[in-house]
Each structure stands twice: as C-alpha cells, then as structure tokens.
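Following: one structure in structure tokens, then a few remarks.
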Amino acid sequence: MTSKKVRVLVGSPIYQKPHILQKFLLSLKRLDAAGKELAYFFIDDNEDERSSKMLEDFSQEQNNVKLLASNQSDVYVCNGTTHYWNENLVWKVADFKNMIIEHAIKEQYDYLFLIDSDLLLYPQTVNQLISANKDITSNIFWTKWQPDAEERPQVWLYDEYTQWEISRNQALTDSEINTRYQSFIRQMRTPGVHKVGGLGACTLISQRALKAGVNFNRIENLSFWGEDRHFCIRAAALGISMYVDTHLPAYHIYRDSDLEGAMEFLDRTDMGEGSEASRPKITLSMVMKNESERYLRKVLEEIRDYIDEAVIIDDGSTDNSAEVCLEVLNGIPVRMIRNDISKFSNEIELRKMQWTETVKSNPEWILNLDADEVFENRFKEEVRQLISDQEVDVYCFRLYDFWNETHYREDEHWYAHQYYRPFLVRYREGFECKWNDRPQHCGRFAENVFELPHKLSDIRLKHLGWVKKEDRMAKFKRYRELDPDGTYGSTEQYQSILDENPNLVRFEE
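Position one of the sequence shown corresponds to residue 20 (the numbering used here), numbered consecutively onward.
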C-alpha cells in the first residue's frame, strides 16, 4: 500500500533584485521532492520587471505555482551596508504572509514553508525540517547585519533578539552575558534541533499550528519591531513551541558582496545528474548507549566518508555519546532520538523504534550499524557501486568478532563470520515488515527482509565490541542478566566469553 504524499506549500512575498532572485529560484528547483507534493505561492511585489518575468517563467516551468501580483508600490532601500524597513513595509509583508497562511489552510496543506527570497537552501532542507517532527521549525542561516560585524543566526531566545539565557529580573554582568551568548552561538553551530523563543525568514509550519491560529497580525499592545516577533509571541501564547534546525544552514545573500559565496554554495550542494549529491542516499541507522569512551568516534570518522545522513537512537546514555556523534558528523544531517530510559532489555521494541524513526527521514538505502562496527577499507570504495545495482535491495555481509586489535575469534562458539547477515537495505515504500518478536537477538531488520531481492557481498565487517577485556566482562554480565537460561541465545557461548586462551585468527585486509 502506497503512503499518501506529504503536501508542502512553499510561500514567499517577493521584492528582489533579479541577480539574487535567479539564484533563489534555482535553489527552489533543486529541492528534493521525493515522497512529497511541492506547491508554490509567490506574491510578486517587485518593481523590476525582470524579477516579475523570472517569477512568471518559474510558474510556467514548475507544477503547482500560484502567482499573485501585489499591485502595490513602496520604497524599500537595500545597499551594501544594510536593509532599511519602515512600518508600512513591515505590515504589508505581514499581510502577504497572512494571505499565504490562509491559502495553506484552505487547501489543507500538511506544511507551509515560508522563506525569504534572498536565501539559498540545501536540496534536502524540507526533508530535514519535516523529520524534526515539530509544529514550527526554522532552518538556521547566518548573517553579518553590518559588514564588519560577526555572523549571527536569525533565531533568538527572548524578547526582540536576546541570544543568551536569562531569568526574569536577573541582572547579569557584561562578562556573564558574553559567556552565555557564546554558549548559545556554540549550540547554534552544533547540528541538531534546538528550542528557541523567536525565529523567522525560513520556517516550516505544520497544519496543526496553522489551524491553531498562528499568523502575522500586529499585536496592538506590543511595541516590538518586525512581524516575526508578533508571530512568535502569538505562537508561544497558543502553547506552540518553536525550534531551529541547525543541520543544513541556508545561505543568506544579504548584500551583493555575498554573491560570490552564493555561487560556491550552489556548486557545493549541487544535486545535478552525475554529482555526488545526486547518487542514491545512504542513511546510517544506529542504536548506541554510553559509547563515547569506546569506538564511537573511530567508527563515525570512517562512516562519515560515505553516508549522507544519520538517524541515531541514544538509548539512555549518561555520557556525552550524543555530543560526540554531532561533533564527528558535523556537516551531515543527523537526527538524534534520545530515550531517557534504555529499551535494550526488550530489544525488539528498540529495533522497531529504530526502523520507524529511520523511515521518517525518507531513506533510500539504510545502513544499520552498531557503534562498535566498522567495514574493512574496501567498503568506502565500493559501496556506491553496490547501491547503484537496481536488481538488488538487500546486501548481506559477514561479521567478524575481534578479540584484539588484529585478530578475530574462531571456534565452536564463535563463527558469526561464516554466515551472511543483512546490514544494507534499500527502503521500499509499502513493504510490510514482519518482525521476530523475541526480546533478545531479534535481528536488526524485519525477519522477512529476504523477501526482497538480496545479494551476498565478500566485503567484511569488523566487530570491535569484544576487543577489550572490560567490555567482554560487561557483556557477559549483561547476557547473564537478560537471558540467564539461554532462551534467546546460548549459555555455552555466554560462558565462553570468559575463556582465557581462545582460538584467534589474524584478520588480513
């Protein structure tokens, strides 16, 4: 059964220079529309006929474009230093945005994506914002509001533009303010989804929030400047939290001097045929807990060379494993799901959760690895060739249990490397999963995954989780606790973990 496509309306009131608008429209054309129905609503407020012509051409080239002429004329000043807005301009734009909101509600779109016409996006931006699963989420971008100023994000925590934590009636010294401001900036530089108090210019709004009454109407007893402040205060009053997604920063063409960087951004994020970005997407799916002092960093440093995004379940970590993931995978979209209490005692519940959360990212290929598993070097060279084979949906590999840095174990109890297991699976929409509902050793994928076309690969996977004696002891105790009678595994194998002189074989790359 095919899932219903998510319907997204991209909306923008547009008064823009032609050379900037051209890049904005190109950026929109590159948006990944897989699994979605994208539509557009532009309000043409341009004075330059060339810009209006560009919008008309876009409406002819793309499907589902609504183009409305504003028939209004106002003076808007933009120079090499900054932009100048007067009150009439602010509330004119607010009215335009409200018109777009009304259209989104009337046509029952699942999401409205409001974006300013001087922003450039990663092709995966809408996917990433939807995957955050929030009612109001802005995609971050950075701007030098003055040519000699430092870059600042378009989101804030309190009031008009306060970008540091502060309690009511709390007096802070300049030093304390600076420390808290720098902490906020570091957070905004860290890939993730972070709660904020204000946002704008590049915002995904859910149907639920739209129907709840968010809009850009002026709040009469509020003197804050700018329609976005009034939108955000109204949203908060309605009980709707706001978030910023920092995985894929948009590029802001705030002044003409930013155009050189705009071309570099478009080239770097190109998804044209033959480009790296146009290849099938590989989504890392991982469950981990308290891995920061083990192999997590080593594994992710290897993996980041060939994955396009990651969905990671932090299953109750009490260390900084999540932060290590975000640090090492900086620049790669990461969706982090945190379990306050570990679900590993009932592994099947955890694996089903892992699958459900991974599917939310609209994956193409799912690579399911643990935080102590790494492929031999060949994999990064050959994986793109593997996933380009249209006849194969599942790749199986042999897993080698390493007992030290160079040798794997092989005896009557340890022979996992003699069998092929699925680790790389093409996501097929409509495939009905049938799970092995055992609480332990249930498998990472549904047990009917082999109903899909599959193939064995001779590339090998190294399991480092047994290398250190302290790790072996921890696993021994865990298995004794979770499966004392060997109901789901082998008590003989569990006991053999303690062998002092197991048979080890050197692993040759």
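By construction, the Cβ of each residue, glycine as well, lies at the ideal position given by its N, Cα and C atoms.
Item                                                                                                                                                                             : Value
Across which residues does DSSP place residue 30 in a beta bridge pair?                                                                                                          : 60, 133
Less than 9 Å between the beta carbons of residue 237 and residue 113, yes or no?                                                                                                : yes
Going by DSSP, what residue range makes up the alpha helix (DSSP H) through residue 374?                                                                                         : 366-378
So, is residue 225 buried or exposed, given that buried needs 16 or more other C-beta atoms within 10 angstroms?                                                                 : buried
Rounded to whole angstroms, what is the Cα-Cα separation between residue 523 and residue 400?                                                                                    : 28 Å
Does the region 193-202 come close enough to the region 331-341 that 3 or more CB-CB pairs lie under 8 Å?                                                                        : no
Rounded to a whole number of angstroms, what is the C-alpha to C-alpha distance between residue 384 and residue 463?                                                             : 15 Å
According to DSSP, is residue 499 helix, strand or coil?                                                                                                                         : helix
Could you check the C-alpha separation between residue 176 and residue 483 for me, to the nearest Å?                                                                             : 43 Å
Taking 8 Å as the threshold, find out whether the region 227-241 comes into contact with the region 249-268 through three or more Cβ pairs.                                      : yes
Would you check if the region 514-521 and the region 446-453 touch, i.e. whether three or more CB-CB distances between them fall below 8 Å?                                      : no
Confirm, please, whether the CB-CB distance from residue 86 to residue 74 is below 9 Å.                                                                                          : yes
Which class does residue 144 belong to by DSSP, given the choice of helix, strand or coil?                                                                                       : helix
Helix or strand or just coil, what does DSSP make of residue 85?                                                                                                                 : strand
By DSSP, does residue 76 sit in helix, in strand, or in coil?                                                                                                                    : helix
Looking at the strands, I want to know which residues DSSP matches up with residue 264.                                                                                          : 158, 212
Could you name each continuous beta strand (DSSP E) segment of 3 residues or more that falls completely within the region 226-271, going from the start of the chain to the end? : 261-271
Have a look at the DSSP bridge pairing and note the partners of residue 474.                                                                                                     : 414
Could you tell me which residues DSSP puts in a beta bridge with residue 455?                                                                                                    : Paired residues: none, contrary to the question.
Any idea which residues DSSP pairs residue 328 with across the strands?                                                                                                          : 302
With a 10 Å radius around its C-beta and 16 neighbouring C-beta atoms as the bar for buried, classify residue 472 as buried or exposed.                                          : exposed
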